[in-house]
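Protein chains in written order, with the working numbering: chain A, 10 to 370; chain B, 14 to 361; chain C, 91 to 397; chain D, 325 to 776; chain E, 24 to 278.
Have a look at the structure below before the remarks.
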Ligand SMILES: Nc1ncnc2c1ncn2[C@@H]1O[C@H](COP(=O)(O)OP(=O)(O)OP(=O)(O)O)[C@@H](O)[C@H]1O
Ligand SMILES: Nc1ncnc2c1ncn2[C@@H]1O[C@H](COP(=O)(O)OP(=O)(O)OP(=O)(O)O)[C@@H](O)[C@H]1O
Ligand SMILES: CC(C)C[C@H](N)C(=O)O
Ligand SMILES: [Mg+2]
Ligand SMILES: [Mg+2]
């Protein structure tokens with residue numbers, strides 16, 4: 010058999026940051042996936058045993074090809090949840106495509122990902138056209154910002170998000186100062202000074218928490234008083250831990266719901282907490298959903314499951330998850346696009362609800 | 014020969030008379046380090062085929078002069094001209110060390126500087142090979158010209174090591190040779206570049222009397238058998254007296270005397286500045302009366318005074334050294350240990 | 091860029107630069123005695139930051155300590171940082187470099203040892219303390235205290251500046267006025283002969299490392315309060331400070347200070363003019379330009395005062 | 325034997341000559357072993373975390389591991405110091421290189437007898453070509469993408485530092501130039517190339533590009549002394565890296581070059597199969613080794629050695645030091661460029677993070693670890709040091725791998741500074757340097773500078 | 024003048040050789056596996072000038088380095104005032120009144136003349152001004168150049184500085200390694216005169232030289248080393264008269 014599988018186990022891989030700078034984001038997803046697999050194995054209605062197969066790309070595009078290769082090389086790996094981040098997706102998806110291994114990502118949001126004809130890529134999350142637009146809307150309609158300072162971290166995710174936000178803000182007639190401050194900048198003082206000097210009354214940071222946090226600290230030190238918003242990359246308690254008081258009042262958007270709040274995910278949230286001793290985080294529930302989607306299709310396929318048939322089934326089928334209904338267009342793009350708003354208040358990230366509703370559009 | 018062209022400029026060095034065949038001429042060479050003047054308008058006229066010794070107290074500027082001649086230092090003022098046997102005169106001032114070497118001036122160092130992890134043979138080959146042409150590409154491809162060059166340098170290095178008496182130590186590591194052998198090796202290496210002038214900086218320093226005698230023989234042979242002119246810095250007066258045709262004395266960066274060894278030895282300024290009262294006790298040479306010294310009083314640079322001095326200087330030394338030297342030079346081509354005509358290789 | 095803004099950035103640059111300067115001194119000192127590019131100095135710096143962090147975590151300042159307590163915490167952090175740094179530097183010298191020195195190993199071997207030690211140390215720190223960044227516990231309220239020509243200075247920045255200046259002046263005095271100073275200079279020129287003069291080479295080298303470590307460690311603590319503490323935080327400031335030492339003339343203590351300030355300012359001014367992504371390019375372009383025109387750095391190589 | 329042993333109060337000299345019990349070498353060794361044991365305990369201890377700073381230290385020092393390590397240390401010490409004669413002898417024996425004697429003999433035989441040499445070489449080559457086919461996919465990937473690629477880089481850097489003695493800390497910059505050349509000429513960058521080239525044709529183009537880059541960097545900086553050259557090359561690297569990262573319009577910034585086309589020739593395409601890449605790379609490496617080995621033993625190689633040992637003396641003997649240094653720089657750079665083209669075509673995706681400064685430093689470490697100046701040495705160096713972190717993945721916490729690598733480097737430099745397989749010339753230089761003659765690395769003044 | 028060292032206090036009652044200052048007994052020194060000194064016995068009495076002669080590589084420098092603690096003998100003893108001092112490091116030995124002027128001058132080239140002299144007095148809390156004045160009187164040329172960088176001095180001046188630097192340590196025993204090497208005849212004469220002067224003022228001198236005539240003219244006694252062993256020894260006059268010496272070291276047989 011060309012898939013070479015040994016028959017009694019199948020592996021579901023996860024590719025994401027399991028070490029390195031933004032590891033918290035990866036862990037949130039990893040746990041959701043593990044939970045789904047454990048529950049499926051416990052239920053025992055599958056012909057085979059499922060195994061979890063993590064590959065670590067550290068959230069870095071240059072590590073992603075190697076990581077993906079590990080998954081590809083193991084013949085038992087039947088599908089891959091991820092890659093988690095946009096940059097790694099961009100570099101690994103061609104490889105995964107050539108190998109025919111499905112990459113179904115719960116979180117890679119760069120809008121361009123579905124434009125490149127990756128052969129096996131499915132995006133189980135609304136892309137950043139929605140998130141960027143959401144941010145722009147909120148500033149334009151709700152906060153009535155006049156001048157927005159827009160920073161990206163030069164990652165695929167940051168650049169993509171900033172591009173959309175820029176377009177929408179400009180369209181809404183808001184003045185935009187667009188800058189790039191690459192991730193891992195050791196000292197954000199000068200950049201923060203630049204924000205203050207620009208006299209902007211609102212800020213968008215398009216990047217991940219590891220850099221958003223020190224930036225927030227330096228902004229506070231520099232005396233920045235305006236509003237600040239960042240996206241799903243910053244939406245983790247780590248951000249608050251690292252930035253301390255400076256994180257207060259930051260808005261965070263996400264194409265994800267708060268699993269601890271929504272009724273549909275209450276049960277999941279409890280199971281999760283029981284198993285991992287922490288609350289689910291950003292994309293935990295979405296990863297759980299997608300893994301269950303894969304498991305559902307595996308069940309349907311039974312013995313006939315191989316990489317190609319799994320991709321076929323996933324791309325054409327649909328699944329009603331806890332968080333949303335998953336089904337894909339012919340580019341592998343999810344058909345729904347809801348964005349939610351959170352805000353940091355006294356050291357906690359508080360769920361605010363759908364941004365479309367809050368902005369009043 | 015070609016001296017006429019530059020005669021005017023270097024007249025003080027003793028070239029004003031006809032028939033003086035100089036190989037190296039310098040005029041008004043001034044070298045300063047910050048506020049310190051280490052060479053002060055020094056003139057030099059070195060005749061083809063002679064052994065010219067440079068002596069002077071420590072810090073007089075002898076090594077500085079060497080370094081200026083060989084391109085290691087760039088003097089602020091002056092001219093240095095090299096007059097090859099056949100070919101155009103070359104200005105040396107400001108030329109890079111390896112260019113100076115290629116033109117035909119080779120040197121040794123005051124403190125021996127060998128490539129100590131290489132064998133004696135390799136040390137010499139490195140120098141010999143700088144005269145050969147074989148680019149990296151032809152070497153990598155193993156083209157015939159590369160192989161020929163390798164052979165040639167090998168032969169040449171063998172010949173020279175034999176010449177200095179190291180043929181039995183070809184494959185010994187330079188760093189492990191005895192001090193005296195290292196000296197010889199350094200000389201062989203300098204000779205491998207086929208120089209017309211060899212500059213030796215204190216070759217006898219730190220050697221015992223027996224080794225000094227051997228060195229003396231070697232210098233003589235280099236001069237007579239290979240026809241190489243030798244410029245020698247040395248503090249050992251016995252050696253200087255026995256091998257030098259002429260002596261030039263520096264003090265505080267200036268030339269204070271020039272002449273045959275015996276003349277110089279009795280010059281009061283030299284005794285005062287350099288030899289010390291007790292030094293020249295033994296040989297009171299003949300012709301003490303006609304000591305002529307190119308003394309330079311102060312910064313007077315006018316050639317009139319100097320001309321007169323050096324003219325007389327020349328008269329005194331002409332008979333004994335100049336002629337002899339040039340005849341040596343002519344006969345040298347045949348007696349040179351390397352049978353192949355050196356000019357062919359030294360083209361570039 | 092308006093004048094006020096320029097001042098703003100200049101002040102930031104001087105603050106950053108003074109940290110670079112203090113780190114650069116560590117490189118220069120060690121270079122002076124061993125002619126060694128001590129790549130592991132960035133780890134001395136990093137461990138200094140952890141030292142401060144640990145001390146402050148143990149003592150645990152409350153939310154906003156009062157003025158006097160704040161001062162105490164700052165001193166504690168500095169001392170702990172300096173102690174960690176010194177200990178690391180001392181250990182490095184003793185374990186890694188001394189055997190090499192005994193054997194007269196070539197300098198390249200020292201360099202690779204330093205690189206190896208650097209790998210070892212920062213990964214060890216990552217293992218011991220976790221690989222996530224940590225904010226330094228705030229020992230004081232970081233308020234704006236004064237403004238110079240319209241540029242605001244907050245407590246951290248003032249603290250940085252003041253400590254850096256104190257450390258630099260102190261060091262300058264140690265090197266130029268004390269016996270240890272002449273010992274250092276003698277060893278840097280000819281260790282063997284220095285021994286003949288009665289200089290205990292091992293002791294001098296060791297103490298040189300310790301001094302460099304004290305400064306590096308304290309700088310690490312300061313930098314940690316300024317940014318955050320992380321196991322790989324040493325690398326970039328380390329490389330920049332090393333470049334600063336070279337720009338000033340490696341082996342020359344005042345040169346290191348000058349170089350550090352210069353690179354700090356250049357780096358910071360690059361941000362508003364060319365954008366944050368180019369800041370290091372600025373520093374390295376300056377480095378290369380300086381070396382083109384002054385091959386031994388601005389002040390040239392020399393430990394100690396000029397003749 | 326001497327009269328004054330009965331002197332009552334010890335004199336200053338006697339005081340100095342006397343050593344306290346703990347200063348005896350034996351007890352110093354015990355101290356060192358105990359310290360080592362503590363360090364090892366920490367090294368193999370628990371992974372710490374940021375929520376509890378002292379977690380790792382606490383668990384290490386309260387667990388049994390500490391006692392096991394200390395116990396082991398003491399046992400080792402006891403056996404070594406007080407054990408029977410032959411144990412201590414064995415230790416001494418292991419220390420001296422006698423254990424390696426047969427290996428060394430074999431190596432010498434190889435050097436002397438051309439027939440043996442050819443036989444060994446052929447056998448090795450056959451092994452190198454065919455054994456990797458048996459490896460797992462993972463190891464094949466490691467072998468090609470990392471070990472062999474870095475071996476190629478190490479061969480190039482060896483020319484620069486091992487032979488010409490130039491300390492280059494920015495070598496990987498040329499690797500980047502090669503990779504970006506490949507991406508550019510295949511049309512994988514935002515800027516369109518004038519013509520799209522086949523990957524094989526890009527190799528000479530990249531070689532020329534790197535040659536030019538090498539000369540441009542080298543020409544103004546080669547007059548600098550060793551350490552300064554190091555920092556300038558480091559700066560150059562940083563600039564190349566940052567330009568690659570930030571000149572988005574040309575290099576595509578941090579996103580990098582995607583889907584660089586594969587090698588193809590005469591209708592054959594190197595695709596996902598790994599082994600064909602391996603054959604290609606082995607061919608490239610073998611050809612380069614042959615070419616470079618010829619250089620080493622030619623006038624060029626000797627001139628490099630001369631420059632390395634004493635630049636002033638070399639220049640005074642007619643060696644055009646600048647030209648030879650530039651030559652080394654350019655040859656090294658273009659080798660690195662070839663590696664870049666290969667790497668880009670093999671992996672298809674790369675971004676500036678593949679060319680971080682750390683990689684330059686690592687290549688340098690490979691060269692020195694293996695044995696500067698010796699081609700088999702640097703190949704071994706690259707192979708061991710690239711292989712080690714990969715295999716450590718299975719044995720230790722992956723994040724800790726470089727801790728072990730660092731420790732290995734330090735230990736190696738202390739106990740075997742000349743490297744795994746040093747070149748004979750280099751070995752001599754080391755010996756001489758240890759005896760106080762010469763420097764063993766060209767960190768001296770360049771020719772034309774001040775001479776004493 | 025005599026200097027008080029810590030040692031004198033401690034070694035008060037050493038009986039037998041009242042006037043023996045330094046003694047080497049069966050000293051063997053190795054460089055790695057190479058034996059450079061193959062069992063040397065040598066005595067220097069208080070107030071003497073002793074010359075150590077020998078060709079290149081005979082082991083003269085090695086002997087001096089062993090005495091001053093830069094090298095440790097593998098066998099044998101070095102005694103000062105009849106107390107063993109082998110095994111003591113060079114920086115400690117300075118305190119016992121041994122000062123060594125190394126081969127090749129080795130001044131601190133990036134320090135001024137004055138700073139070099141101060142380094143010579145490193146073992147004291149602060150340099151002795153009177154001593155410095157004495158050095159400047161002995162070497163007026165150094166006085167002129169006190170704030171010049173030592174590296175820019177000429178060879179002779181550097182040699183004077185090296186000796187001056189050693190004198191700043193107030194030595195009881197001065198070890199001089201080829202002080203005449205590379206110096207002009209006049210300077211050599213001066214240096215020898217100064218050595219004599221220093222000796223008259225109470226410093227014992229062990230002098231290594233190639234320049235046998237002059238060295239023996241100055242010294243009370245001499246030792247001749249050949250490949251690491253003492254080939255001959257005796258009062259200077261005897262050695263000067265010895266035909267073998269005249270041939271081998273004064274270059275006479277061949278001249
Ligand atoms: N690189 C330099 N920098 C500063 N001064 C220098 C330099 N080189 C030489 N000098 C000075 O120039 C003067 C002449 O020195 P030089 O070495 O030429 O003397 P010398 O005649 O060779 O003496 P010796 O007989 O001792 O070798 C000295 O005063 C020396 O200090
Ligand atoms: N660092 C060293 N390593 C190995 N061998 C050495 C070393 N120094 C000296 N030797 C060897 O030891 C022997 C004695 O050398 P030493 O320098 O003592 O001789 P010397 O009498 O001072 O000679 P010179 O007149 O040349 O100064 C020589 O054979 C020399 O090669
Ligand atoms: C996990 C998420 C923060 C990932 C992010 N949306 C990206 O596209 O890279
Ligand atoms: Mg000289
Ligand atoms: Mg000697």
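We put the CB at the ideal spot given by N, CA and C, even for glycine.
Predicted, not measured: the structure shown is a model, and the values here were computed from it.
Query, Result
"Note down, one range per segment and in chain order, each alpha helix (DSSP H) of at least 4 residues found wholly within the region 607–678 of chain D.", "623–633, 635–640 and 645–671"
"What does a CB cutoff of less than 6 Å around residue 474(D) pick up in its chain, not counting 5 residues either side in sequence?", "706 and 710"
"So which residues on chain C does residue 194(E) lean against when the C-beta distance must stay under 7 Å?", "Per Cβ cutoff of 7 Å: no residues; residue 194(E) is ~11 Å from chain C at best."
"Any beta-carbon of chain C closer than 8 Å to the one on residue 644(D)?", "no"
"Flag this pair as yes or no: are the beta carbons of residue 236(A) and residue 180(A) separated by less than 8 Å?", "no"
"Is there a C-beta anywhere in chain D that falls below 8 Å from the one on residue 137(C)?", "no"
"Using 10 angstroms around the beta-carbon of residue 334(A), count the other beta-carbons present and answer buried if the total reaches 16, otherwise exposed.", "exposed"
"Taking its Cβ as the centre, do 16 or more other Cβ atoms sit within 10 Å of residue 158(C), making it buried, or is it exposed?", "exposed"
"Grab the span of the beta strand (DSSP E) containing residue 68(E) for me, first residue to last.", "57–68"
"Give the DSSP-derived three-state secondary structure of residue 300(A) in the structure shown.", "helix"
"Start and end of the beta strand (DSSP E) containing residue 172(A)?", "Premise fails: residue 172(A) lies in the alpha helix (DSSP H), 165–180, not in any beta strand (DSSP E)."
"With DSSP as the reference, identify every bridge partner of residue 352(A), one or two as the case may be.", "260(A) and 359(A)"
"Compare the C-beta of residue 110(E) with all C-beta atoms of chain D and state if any pair is closer than 8 Å.", "yes"
"Please name the residue in 235(E), 257(E) and 267(E) whose C-alpha comes closest to that of residue 79(E).", "235(E)"
"Where do the ends of the alpha helix (DSSP H) carrying residue 175(B) lie?", "157–176"
"Quick check on this structure: which residue in 186(A), 302(A), 245(A) and 320(A) has the alpha carbon closest to the alpha carbon of residue 360(A)?", "245(A)"
"If you draw a straight line from the C-alpha of residue 123(C) to the C-alpha of residue 216(A), how long is it?", "45 Å"
"Determine which residues share a DSSP beta bridge with residue 132(B) and list them.", "186(B)"
"Give the interface partners of residue 381(D) over in chain C, defined as CB-CB distance under 7 Å, in chain order.", "218"
"With DSSP collapsed to three states, give me the class of residue 332(A).", "coil"
"Just checking: is the beta-carbon of residue 432(D) within a distance shorter than 8 Å of some beta-carbon in chain C?", "no"
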